[in-house]
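Below is one structure, written out as C-alpha cells; the observations come after it.
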Amino acid sequence: MNALIWLPFLPLLGTLVPLLFARFSRTVCAFMTAALPAITLLLILFNAGAVFNGERFFSSIPWVPAIGLELAFRLDGLSLLFSILILGIGLLVILYARYYLSAQDSIGKFYAYLILFMFAMLGVVLSDNLIQLWFFWELTSISSFLLISFWGHKVEARKGARMALTVTGAGGLALLAGLLLLGHTVGSYSLQTVLDSGDLIKASASYPIITVLVLLGAFTKSAQFPFHFWLPNAMAAPTPVSAYLHSATMVKAGIFLMARFYPALANTDLWFLLVTLTGLATFLTGAYVALFQHDLKGLLANSTISHLGLITLLLGMGTDLAAVAAIFHVINHAIFKASLFMAAGIIDHESGSRDMRHLNGLWKYMPFTATLAMVAASSMAGVPLLNGFLSKEMFFTETLHQASLGSLSWMIPVLATLGGVFSVAYSMRFIHDVFFNGEPVNLPKTPHEPPRYMRVPVEVLVALCLIVGIFPSLIVGDLLYSAAAAVLNGAVPDYSLAIWHGFTYPLLMSAIAMLGGLIIYTNRHHFFKFQAQFPMSDPKLTFESVIQSITLKAQKFISLTENGSLQRYVFLTLLLAISMNAIPLLQLNATAGLRPEIPLDALSVTSVALLCIAGVATVIWHRRRLISLLMLSVVGLIVSLAFAKFSAPDLALTQLSVEVVTVILLILALFFLPQKTPKESSPRRVVRDLGLAAFVGGTVGTICYALMTRPLDTISTFFLENSKTGGGGTNVVNVILVDFRGFDTLGEITVLGIAALGIYKLIARMRLYMPSSDGKGRAWSEDKYPLLLAVISQSLLPLALLVSAYIFLRGHNMPGGGFIAGLITSVAIIQQYIAHGVEWIKHRLKLDYQIMIGSGISIATLSGLGSWVFGHPFLTSWFDYFYLPVIGKFELASAMIFDLGVFLTVVGATMLILANLGQLTTSERATQKEHD
Amino acid sequence: MEGMYAFSVGLLTACGVFLTLRGRSFSVVVGLTLLSYAVNLFLFASGRLKLNAAAVLGESEHYGDPLPQALVLTAIVIGFAMTAFAVILAMRARADLGNDHVDGQIPQPKKPLFQKTGGAK
Chain A
1467 MNALIWLPFL
1477 PLLGTLVPLL
1487 FARFSRTVCA
1497 FMTAALPAIT
1507 LLLILFNAGA
1517 VFNGERFFSS
1527 IPWVPAIGLE
1537 LAFRLDGLSL
1547 LFSILILGIG
1557 LLVILYARYY
1567 LSAQDSIGKF
1577 YAYLILFMFA
1587 MLGVVLSDNL
1597 IQLWFFWELT
1607 SISSFLLISF
1617 WGHKVEARKG
1627 ARMALTVTGA
1637 GGLALLAGLL
1647 LLGHTVGSYS
1657 LQTVLDSGDL
1667 IKASASYPII
1677 TVLVLLGAFT
1687 KSAQFPFHFW
1697 LPNAMAAPTP
1707 VSAYLHSATM
1717 VKAGIFLMAR
1727 FYPALANTDL
1737 WFLLVTLTGL
1747 ATFLTGAYVA
1757 LFQHDLKGLL
1767 ANSTISHLGL
1777 ITLLLGMGTD
1787 LAAVAAIFHV
1797 INHAIFKASL
1807 FMAAGIIDHE
1817 SGSRDMRHLN
1827 GLWKYMPFTA
1837 TLAMVAASSM
1847 AGVPLLNGFL
1857 SKEMFFTETL
1867 HQASLGSLSW
1877 MIPVLATLGG
1887 VFSVAYSMRF
1897 IHDVFFNGEP
1907 VNLPKTPHEP
1917 PRYMRVPVEV
1927 LVALCLIVGI
1937 FPSLIVGDLL
1947 YSAAAAVLNG
1957 AVPDYSLAIW
1967 HGFTYPLLMS
1977 AIAMLGGLII
1987 YTNRHHFFKF
1997 QAQFPMSDPK
2007 LTFESVIQSI
2017 TLKAQKFISL
2027 TENGSLQRYV
2037 FLTLLLAISM
2047 NAIPLLQLNA
2057 TAGLRPEIPL
2067 DALSVTSVAL
2077 LCIAGVATVI
2087 WHRRRLISLL
2097 MLSVVGLIVS
2107 LAFAKFSAPD
2117 LALTQLSVEV
2127 VTVILLILAL
2137 FFLPQKTPKE
2147 SSPRRVVRDL
2157 GLAAFVGGTV
2167 GTICYALMTR
2177 PLDTISTFFL
2187 ENSKTGGGGT
2197 NVVNVILVDF
2207 RGFDTLGEIT
2217 VLGIAALGIY
2227 KLIARMRLYM
2237 PSSDGKGRAW
2247 SEDKYPLLLA
2257 VISQSLLPLA
2267 LLVSAYIFLR
2277 GHNMPGGGFI
2287 AGLITSVAII
2297 QQYIAHGVEW
2307 IKHRLKLDYQ
2317 IMIGSGISIA
2327 TLSGLGSWVF
2337 GHPFLTSWFD
2347 YFYLPVIGKF
2357 ELASAMIFDL
2367 GVFLTVVGAT
2377 MLILANLGQL
2387 TTSERATQKE
2397 HD
Chain B
69 MEGMYAFSVG
79 LLTACGVFLT
89 LRGRSFSVVV
99 GLTLLSYAVN
109 LFLFASGRLK
119 LNAAAVLGES
129 EHYGDPLPQA
139 LVLTAIVIGF
149 AMTAFAVILA
159 MRARADLGND
169 HVDGQIPQPK
179 KPLFQKTGGA
189 K
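Just so you know, the sequences run in chain order A and B.
Under our numbering, residues 1467 to 2398 are what the first sequence spells out, in order.
Under our numbering, residues 69 to 189 are what the second sequence spells out, in order.
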C-alpha cells in the first residue's frame, strides 16, 4: 500500500478547493470541500479489513537518513480508529457548517482552515516518525488557532485563540524535547522502533524526564488539570469548530499521544502516579465545574474536560483492560459530544442565546432537535442502551480492580462514582433546563427547528449512539480490537462488550451515580448558592497577568544584557567564547607536544621583536590615529614576511598586496574621520579591557603553541597526490582554490562582490563634509598631483600589468593566481588614481567596476556550469597540453577560466570600494542635490 | 621558533581585542585588522611551521600543508572586504549621526542610556 504516503496529503490539496469554490454557492463549496476528505475516508476504509486482520501498513521516503529525518506513515488499528473519527466527523461538520455560518462569514476561508486542521490531525495519527509526528502536532495547534480566532472581530475569540495557542504550543515544545530525548535514547526516530524498545526506554536514566516532557505535551493538548483552562475559553470559536476540535479530534490528540506511546512509556510507577492522579483530578473538577455553567457550550466544554480526564485515568491504570476501556470511551465520547455540540449550536442558531437561564422549555419549539439532544445527553450521563453506558461500566469495573494506591485504592472507585454523580447531574441540567423547566425568558428570536440538512449530522451521530449502545461488538468490535492491539503492541485481553453483565458492582455504581445525580440536580439551588460564596476567578485574567509578568521580567532581563552598548556586547561575547575555550585547556597536562621545534635564528628574533613593538605601539598610540595606522602597516608587512618564511609564498604575496590596499583604504577613511580619539574610557574600564585582552591573547597563544608542537594528521596528502594528475597544476594551494574547493571559492568571491556593492551603496548617499585642513589647522597642499609621481606611476603601469598577467598565468604551477594578480592590478590602477586624480582617470579608463564584479562571478559560475555540458558535475575541471611552434608546449585548463572570474571579481571589488571612496575627496563627489 | 610564533599570535590577539573594545569606530576597525592578522596566523599554524617547503610540486623534497594556506588566502581577501565594510560603515555612521562612537551616541555619565543625545548634521 504505497499510496499510504499520499493519503494525508489529499486533504492538504483540499485546502485549496474551498478557496477556489468560495465564489460559487455555499452548497457547491461544501460539496467540493467534502470530496477529497470523502475519498481519503473511502481509501482508508478500503484497507480497514486488512487492518482488522492484524496487518499493519508502513510507507516511507527517506530524506536525511543520517539524522533520522524521513517522511514515514503507518496505518495500524489506532491510526485507523482516529482517521475514521477525524474524517467521518469532519465530513459531518462540513455539512453542518454549511448551515451554521451566516452569509457574512467567509465560508471558503473557514473550510480551508478546517481542512488544514484535518490534514494536520491525520498527519499526527498516521505518522511513523517522531519528529514528523511533532511537526503535525504543532500544525494542529496553529490551525486550531486560526479556527478559534475565526471571528477575529470578537475580543474573546482573539484572547481564547491566543491562550489555546500559548498553552498547547508550550506543551508542544516540551513534547519536542521529550521526543528528541526519546529518539536519542532509543537511537532511532522511527516510531515502530521506539514502540518495540519499551524495556530499553524504561531502564534508561532519562526515562523520568522523557515521560514528564511527553506527558506535558499530552496534558496541555487534552486540557488536563491544571492546563484545562484554555478549553472553556476556546468556546469563542464557531460551534462547528467546537464540535470538531473540542470533542472529537484535537483534544483527543493528547489521548492519542498517550495511547501511541503506551507500549514505550506506560506501566511504571511514575506513569501510573502522574497519569492517574492528573486524570482523576481532571475528571472530578471538570464534572463539578460543568454543573455550574450557565453557558450551554461552557457546560459541554467542562464536561469534555471531565471525560478527557476519565480517559486519561484509564490510560494511567496500567491494566490492559483499562486501555481497552479508554479506547472505547474515545469512540463513544467523540460520537455523543460532537452531536451535543452540534445540538447546542442549533439551539444557539435558532434561538439566539446559549444562556441556560434564558433557554427553557424548548421542547415545544424544536421537538426533533430536543429528542436528539436528549438521547446524546443521556449517553453522556451513561444511561443503559446507549454507548456512553458501556464504556462507563468498563471504567467502573476497572476502578474496582485497582490496587496501585495500596490501602488507599478504595478511594478510586468512590471518587469515580462521585464523578459519575456530577456527570449525571450536569447531563440532566442540559436536558431539563433547556428543553423543559417552564418557558423561554427574553430570547432574541422565537426558537424553531433548524433547516432539514443541518440536523442530519446530529441524526447520524445520535443513531450511532444507539446502534453502538445496543449492538456494540457488531459495530465497533473489530475497530476497538485492532486499536487496542495497536495500543498494547501485542496480545489483547479477553473482554466482553455485552450490555448486561448481571448484578455487579459496576451496575451498582451506575445506579448510585444516577440516583445521586438526580438528587443533586433537584437540589441544585443549594449548590448554586454554596458556589456563589466563592469569589469568581476568571482564568483568562490570571492567564493574562501571568503572561504580562513574564513579558515584564523578560524585558528586565534583556535590558540587563542588551543595553545598546556595543562595547558591552563585545566584552560579554569574548568573555563567554574564551571561557568555553579555556576550560578544556585546564585538562591539558603539558602545553608542549612531542613535535620538535624549529631552532631560532637572528633574523626571526628581530622580526618578532619588531612585530611586537609595532603591535604594542598600535595600541599605545591608538588615540593618534595616523601613527597607529602606520604601526599597523608594519605589523602587516611582518605578517607577510612570516608567511614567506614558513613556506607559504602565495599567502605572502596576497598579504603584501592586501596590506597595500588596506592601508590606502584606511588612510582615505581617516581623511573624513577625527584625527584623534578623545580620552574617555575610565581607568576601571581600561584595566578591565586589558585584563580580558591579556586573557584572550594568552589563551589563543597557548592553543596555538599546543597545536603547533603536536604532530599533524592531515587530509592534505590527497591534495598533494592528486594536484598534478587531477587538477593539472603543481601549485597545490592554487589547485585547491580553483579546482578541489572551487565551489568554496565561488562562494567567497560572491561574498566579496556583495560586500563591495554594499559599500558602494553606503558611499553613494554619504554626506560628509570635506575637511579643508589637517588636524592642526594647516591647509592641504596646493600641488595635488606632483608631476614626478605622475610620470613615474604612468611608466610603472604597463610593467605592473605585465607582472600581474605573469602572476596570473603562472598561478596554476607557481605561486600566484587570480587573487594575487587581481590585487596587483588593483594596486597599479589605484596608483594612477593617486597620481592623476579621478577626473583624469575618468576620461582614460572607462571601466565599470560593478559590471566587472558581475562578469567575474558570471565567468566563474559559467566555467562551472560548462562541465554540465560534458555530463560532469558542477565545476569539474579539464586540462590538456598543447604544442605551438614558437612557444612550445603549454597547458590549457578550464580552471584558468575560473581563475579569470576570480581575478575580475577581485579587481572589480577593490576598485569599486577605493575609487568610490577616493572620489569623495575630490570635486567629483556627488552633490547632495543629485541624491535627494 | 614555535614558542615565539605563538607568543606573537597571542600578543596580536591581545592588542586586537583591546582595541576592539574601544568606544570609537576607527579604533575598532584597527583592532579588527590586528585580530584578523592574528587569526590568519593562527589558522596558518594549524598546518604546522615548515621551512623551505612551499606546496609547489617538484620544488622541494617535502611540502607544507596546502589546505590551511588555501583557506587563509581567501580569508585574507574576505578580511579586507570586511575591514572595508566596517570602516565605510563607520564613516556613514559619522555622517548620519554626527559622531564616531560605536553606539552612535556619546554616552553621557549618569543619564539614562536610551535618551538620544542628538548630533549635529
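Backbone N, C-alpha and C define an ideal beta-carbon position, used for all residues, glycine too.
In this text, all values refer to a predicted model and were calculated from it rather than measured experimentally.
Annotation note: the stretch 1534-1572 of chain A contains the following uninterrupted beta strand (DSSP E) runs of length 3 or greater, listed N- to C-terminal: 1535-1541. For arginine 92 of chain B, DSSP records a beta bridge to B:His169. Comparing alpha carbon positions, the residue from A:Ala1952, A:Ala1514, A:Ala1703 closest to tyrosine 1579 of chain A is A:Ala1703. Between the alpha carbons of asparagine 120 of chain B and leucine 2122 of chain A lies a distance of about 19 angstroms. Under the DSSP assignment, serine 1713 of chain A falls outside any beta strand (DSSP E); it carries neither an H nor an E label.
Nothing from the stretch 1715-1726 of chain A brings a Cβ to less than 9 angstroms from some Cβ of chain B. In its own chain, leaving out the 5 sequence neighbours on each side, no residue places its CB closer than 7 angstroms to the CB of glycine 126 of chain B. Here the alpha carbon of alanine 2080 of chain A sits roughly 25 angstroms from the alpha carbon of valine 170 of chain B.
Unbroken alpha helix (DSSP H) runs of no fewer than 4 residues, entirely contained in the stretch 1608-1653 of chain A, are found at 1621-1652, following chain order.
Among the CB atoms of chain A, none fall inside 7 angstroms of the CB of leucine 165 of chain B. Taking C-beta atoms under 8 angstroms as the contact rule, valine 140 of chain B and alanine 106 of chain B fail to qualify, at a distance of about 12 angstroms.
Listed along chain A, the residues sitting closer than 7 angstroms to glutamine 137 of chain B by beta-carbon distance are Ala2114, Asp2116, Leu2117, Val2199. From the beta-carbon of leucine 100 of chain B, no residue of chain A is found nearer than 8 angstroms; the closest lies around 10 angstroms away. DSSP places tryptophan 1829 of chain A within a helical segment (H, G or I) once states are collapsed to three.
At least one C-beta of chain B is nearer than 7 angstroms to the C-beta of methionine 2174 of chain A. A direct Cα-Cα distance of roughly 28 angstroms separates valine 2293 of chain A from threonine 88 of chain B.
For the stretch 2029-2059 of chain A, the beta-carbon criterion of a distance under 7 angstroms to any beta-carbon of chain B is satisfied by Asn2029, Gly2030, Ser2031, Leu2032, Gln2033, Val2036, Phe2037, Leu2040.
Look at glutamate 129 of chain B: its C-beta is not under 7 angstroms from any C-beta on chain A.
Per DSSP, the beta bridge partners of alanine 2245 of chain A are A:Ser2239. In the DSSP assignment, phenylalanine 2345 of chain A falls within the beta strand (DSSP E) that extends over 2345-2350. Per DSSP, the beta-bridge partners of phenylalanine 1524 of chain A are A:Arg1540. If only complete runs of 4 or more residues are kept, the stretch 1774-1843 of chain A shows the alpha helix (DSSP H) at 1786-1817, in order along the chain. The three-state secondary structure of glutamate 1905 of chain A, taken from DSSP, is coil.
If you ignore the 5 residues before and after leucine 1774 of chain A, its C-beta comes within less than 7 angstroms of the C-beta of Ser1688, Ala1689, Gln1690, Val1717, Ile1721, Thr1748, all in its own chain and listed in chain order.
In the DSSP assignment, phenylalanine 86 of chain B forms no beta bridge with any residue. With at least 16 other beta carbons inside 10 angstroms of its own, arginine 1895 of chain A counts as buried. Going by C-alpha positions, asparagine 1903 of chain A is about 43 angstroms away from leucine 1588 of chain A.
One finds Ile144 in chain B with Cβ atoms closer than 7 angstroms to the Cβ of glutamine 2121 of chain A, taken in chain order.
When CB distances to chain B are screened at a threshold of 9 angstroms, the residues of the stretch 2157-2173 of chain A falling below it are Leu2158, Ala2159, Ala2160, Phe2161, Val2162, Gly2163, Gly2164, Thr2165, Val2166, Gly2167, Thr2168, Ile2169, Cys2170, Tyr2171, Ala2172, Leu2173, in chain order. As computed with DSSP, valine 124 of chain B is found in a beta bridge with A:Asn2197. Short of 6 angstroms from the beta carbon of leucine 1535 of chain A, and not among the five residues preceding or following it, lie these beta carbons of its own chain, in chain order: Trp1529. By the neighbour-count criterion, in which a residue is buried when 16 or more other Cβ atoms sit within 10 angstroms of its Cβ, alanine 2135 of chain A is buried. By the C-beta density criterion, methionine 2236 of chain A is exposed, having fewer than 16 other C-beta atoms within 10 angstroms.
In the DSSP annotation of this structure, the continuous segment of the alpha helix (DSSP H) that includes phenylalanine 1862 of chain A starts and ends at 1853-1866.
In this structure, leucine 1567 of chain A lies away from isoleucine 1560 of chain A, with their beta-carbon atoms at least 7 angstroms apart. Under the Cβ criterion of 7 angstroms, valine 2074 of chain A is counted among the residues facing chain B.
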